[in-house]
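Numbered according to my numbering, the sequence shown spans residues 18 to 109.
Below is one structure, written out as structure tokens; comments come after it.
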Amino acid sequence: MRQKPIPGRAMTAGAARYGRGDYVVDEATRQRMPPEPAWVGRVQTVLDAGQVRLVTPHGAEWTARVENLTEAEASQRAAYDAAVPHRVGARR
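Following this line, the structure appears as structure tokens:
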């Protein structure tokens with residue numbers, strides 16, 4: 018699958034394609050049987066030019082290869098944000 022550039026982010030040779038906080042879809046997590054959609058995550062850490070650490074709305078993390086990632090669509094970003102548990106009060 019071909020990588021789509023993120024608008025407003027320069028893609029230079031050797032530079033990381035995604036930065037902290039970007040919403041991405043990890044196509045390597047998609048299943049055919051039983052059918053499961055690919056996981057949507059936010060970039061937590063850029064490990065190197067080829068790998069990033071992603072996080073789900075509930076805090077689960079996984080390492081993904083950059084070539085398996087695509088930019089999340091607006092509906093996927095909205096679903097991610099809606100699934101984030103919101104805290105009331107100060108964090109401890």
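The C-beta atom is built at its ideal place from N, Cα and C for all residues, glycine as well.
Exposed unless 16 or more other CB atoms sit within 10 angstroms - verdict on residue i
i, result
"ASP98", "exposed"
"LEU71", "buried"
"ALA81", "buried"
"SER92", "exposed"
Residue i vs residue j beta-carbon contact at 8 Å
i, j, result
"THR87", "GLU44", "yes"
"HIS75", "PRO102", "yes"
Rounded distance between the beta-carbons of residue j and residue i, thought under 8 Å
i, j, result
"GLN68", "VAL83", "7 Å"
"VAL42", "ALA77", "Not a contact, Cβ separation roughly 15 Å."
"ARG59", "GLY38", "6 Å"
Identity of the residue in the options nearest residue i by Cα
i, options, result
"ARG34", "ALA91, ARG49, THR62", "THR62"
"ALA55", "LEU64, ALA66, THR73, ASP65", "THR73"
Q: Scan the stretch 50-95 and note each continuous beta strand (DSSP E) run of 3 residues or more that stays entirely inside, going in chain order.
A: 56-65, 68-72, 78-82, 86-88
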